[in-house]
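Trainee:
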Amino acid sequence: MEDKYRSDLTQGNVSRKLLKFAIPFLLAQVLQALYGIVDMFIVGQFMGDYGITAVNISSNVSYFITNLVSGFAMSGTVLVAQYIGAREEENARKTIGTIFTMFLILSVLFTVGGMLITPNLLTLLKTPVESYREACNYLYICFTGTVFICGYNAVSAVLRGLGDSKRPLMFVAVAAFTNIILDIIFVGPLEMGAGGAALATIIAQALSFTLAVITLYRQNFIFDFKPKSFVIDKSKLPLIFKIGLPSAVQSTVVNVSIFFVISRINAYGLAASTAAGICSKIDSFAILPAIAISQAISSMAGQNLGAREIERAKKTLFAGIRMSLVFAVCIFAVVRLNGGTLIELFGCDADTVEIGLQYIKYVSICYLGNAVVFMFSGFATGSGNSIFAMMNAICNMVLARISLVFVFEDILGLGLSGIFMALGLSQFAGLIPSSIFYFSGVWKKDAIHKNTDKE
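Per my numbering, residue 170 is the first one in the sequence shown, and the count goes up by one each step.
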């Protein structure tokens, strides 16, 4: 394998190495988040509240697929990182071939299934009648591009496992800027509505994925992308499912809890639905540093545990927590002080702005909880203990969130404010299981050594 694709994360200053590796992650996350926020912003300028709501609800459904794919992709990151750390290149190559083949199959299943369930799912989410048709158009178009979502996630996951966080950034940068330009054309002059925003996103993702494959193929990547190389290795499949399935289940369960909250908020009308949609986009940017650092921890801890550098893996976790908290405190202050201005940028009604400020008041506190909990989840995934990451997410996003919604909204009668309070406080529920996981020490034996019984 050529050195330009590999970065040794087992050497050098831990904090500097982690930050240097995390920055391209963060920039890539920012660009990916632009997909959704640009769609919503441009649609809001041309269509108003009903267009914003259509994009928000339907994009949350499409994110369900993206997050599910990302869950399985994480197994590629972890296994490739651990094999590279253990200097087992052939096993890394077999893992890559298996991951790519799996994702090709999954993309077909997601496309067909998504097309079939779209109308019923939007009805279940209590989509406001004003936004229903536009939401349908958005989703139908998005599901046709599932193969590009799967492909990009597979390539990026493998590169992260190899220690390369720069190329995924370059590929997604192309997609983000393409998406912005096409959004303006399709939603503006061509008046294609929410469907135009979806089409812009799909074309951008297709371009990004195609560019990634061509670039890697021409530069003698570890995987050659030839048809004969798309083979599922039976020895790697159990490991991929062991790590990837809990992550995929986690994504599924978390998204179900999100759908639950969306349906409760939508019951309060178009303004509430629009406000929550806009503020959720603000949230998606606010938590990006935590997500990026968490992903960097997964790769760096994976390589170090594969190389049996236990103390260095531990230092990686705590360096990540310190970095993430600094980002979280700064972002929390900015959002609390400038929430109204941020919401008004989307061109929504005054009622929507008022509800949005209420959302920010109660929900933004979760940025601080995420800054710690996400780090433990990334560390657990990097060690191959994705079951813990799954249970932690279920604790936060399902048990705590749904329970608190019932308590605050129904039992205490706090209505919409109660839902927002539940969203803000539920993220802290993962602190206890995170502490238990760390002190248990189960993370000290990584996935590939568990599999081969090597010490």
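Backbone N, C-alpha and C fix where the C-beta goes; we use that ideal spot for every residue, glycine too.
Let's test the definition: count the other Cβ atoms within 10 Å of the Cβ of N289 and tell me whether it reaches 16, buried, or not, exposed.
Mentor: It counts as exposed.
Trainee: Evaluate I605 with the Cβ neighbour count: other Cβ atoms within 10 Å of its Cβ, from every protein chain shown; 16 or more gives buried, anything less gives exposed.
Mentor: Looking at its Cβ environment, which holds fewer than 16 other Cβ atoms inside 10 Å, I605 is exposed.
Trainee: When burial is assigned at 16 or more other CB atoms within 10 Å of the CB, is K395 buried or exposed?
Mentor: It is exposed - the Cβ of K395 has fewer than 16 other Cβ atoms within 10 Å.
Trainee: What does the alpha-carbon distance come out to for the pair C499 and N260?
Mentor: For C499 and N260, the distance between alpha carbons rounds to 42 Å.
Trainee: Quick check on DSSP: helix, strand or coil for F626?
Mentor: Given a span of 170 to 624 for the chain in the structure shown, any question on residue 626 remains unanswerable.
Trainee: Comparing C-alpha positions only, which one of A476, A323, M284, E523 sits nearest to C654?
Mentor: In this structure the chain extends from 170 to 624, so residue 654 is not present and cannot be described.
Trainee: For T485, count the other beta carbons within 10 Å of its own beta carbon; 16 or more makes it buried, fewer makes it exposed. Which is it?
Mentor: Label assigned to T485: buried.
Trainee: Under a three-way DSSP split, which group does C564 fall into?
Mentor: Here C564 sits in helix by DSSP.
Trainee: What residue ranges within the region 501-544 form continuous alpha helix (DSSP H) runs of no fewer than 4 residues, ordered along the chain?
Mentor: Counting only runs of 4 or more, we get 519-532.
Trainee: Shortest alpha-carbon distance to A470 belongs to which of S552, M339, F577?
Mentor: Looking at the Cα atoms, S552 is the closest of the given residues.
Trainee: Curious, which full-length alpha helix (DSSP H) runs of at least 4 residues does the region 423-502 contain?
Mentor: If we require 4 residues or more, the alpha helix (DSSP H) runs fully inside the region 423-502 come out as 439-455, 457-475.
Trainee: For the alpha helix (DSSP H) containing L275, list its first residue and its last residue.
Mentor: Unbroken alpha helix (DSSP H) run through L275: 258-293.
Trainee: Please state whether DSSP places T222 in a helix, a strand or coil.
Mentor: Note: T222 maps to helix in three-state DSSP.
Trainee: Do W612 and F543 have their beta-carbon atoms positioned less than 8 Å apart in this structure?
Mentor: Contact flag unset, no.
Trainee: Taking 8 Å as the threshold (C-beta atoms), are L585 and A440 in contact?
Mentor: Against a cut-off of 8 Å, the Cβ pair of L585 and A440 comes out as no contact.
Trainee: If we call anything under 8 Å between Cβ atoms a contact, is G538 one with C564?
Mentor: Not in contact: G538 and C564 (Cβ atoms no closer than 8 Å).
Trainee: Looking at I221: is its Cβ nearer than 8 Å to the Cβ of V212?
Mentor: Cβ distance < 8 Å, so I221 and V212 count as in contact.
Trainee: In this structure, how does DSSP classify P407 when only helix, strand and coil are distinguished?
Mentor: If DSSP states are grouped into helix, strand and coil, P407 belongs with the helices.
Trainee: Is the region 289-306 in contact with the region 335-343, if contact means three or more CB pairs nearer than 8 Å?
Mentor: The region 289-306 vs the region 335-343: no contact.
Trainee: Tell me where the alpha helix (DSSP H) around L368 begins and ends.
Mentor: Segment 362-387, the alpha helix (DSSP H) holding L368.
Trainee: In terms of residue numbering, what span does the alpha helix (DSSP H) encompassing V341 cover?
Mentor: 335-356 is the extent of the alpha helix (DSSP H) around V341.
Trainee: In three-state DSSP terms, what is T421?
Mentor: T421: helix per DSSP, three-state reduction.
Trainee: Given I451, which residues of its chain have a CB within under 7 Å of its CB, disregarding the five upstream and five downstream residues?
Mentor: If we look at I451 and ignore the five residues flanking it on each side, its Cβ neighbours are V504, L511.
Trainee: Between S416 and F545, which are expected to be in contact by the criterion C-beta below 8 Å, what is the C-beta distance as a whole number of angstroms?
Mentor: Not a contact, Cβ separation roughly 14 Å.
Trainee: Out of A326, A373, R336, which has the shortest C-alpha to C-alpha gap to A345?
Mentor: Cα-wise, what sits closest to A345 is A373.
Trainee: For a test of the three-state rule: what should DSSP assign to E299, helix, strand or coil?
Mentor: It is coil, neither helix nor strand.
Trainee: Whole angstroms is fine: what's the gap from S276's alpha carbon to Q180's?
Mentor: Going by the C-alpha atoms only, they are around 37 Å apart.
Trainee: DSSP three-state label for I556, please.
Mentor: The answer is helix: DSSP assigns I556 an H, G or I state.
Trainee: Is DSSP giving V199 helix, strand or coil here?
Mentor: It is helical.
Trainee: Any idea what DSSP makes of L581, helix, strand or coil?
Mentor: Looking at L581 - three-state DSSP - the assignment turns out to be coil, as it is neither helix nor strand.
Trainee: Taking the alpha-carbon of I427 as reference, which of L568, G266, V400, Q198 has the nearest alpha-carbon?
Mentor: Looking at the Cα atoms, L568 is the closest of the given residues.
Trainee: If you draw a straight line from the C-alpha of M170 to the C-alpha of T550, how long is it?
Mentor: Confidence at M170 is low in this model, with a pLDDT of 41, below 50, so the placement of that residue is unreliable and no value is reported for it.
Trainee: I'd like the list of long-range same chain contacts for G266, defined as Cβ closer than 7 Å, with 5 residues on each side in sequence excluded.
Mentor: Closer than 7 Å at the Cβ level, and outside the excluded window around G266, lie F392, S398, F399, V400, D402.
Trainee: Could you tell me the alpha carbon to alpha carbon distance between V183 and L195, rounded to whole angstroms?
Mentor: Straight-line Cα distance between these residues: approximately 18 Å.
Trainee: Looking at C-alpha atoms only, which residue of Q198, K189, L187 is the closest neighbour of P458?
Mentor: Nearest option by C-alpha distance: Q198.
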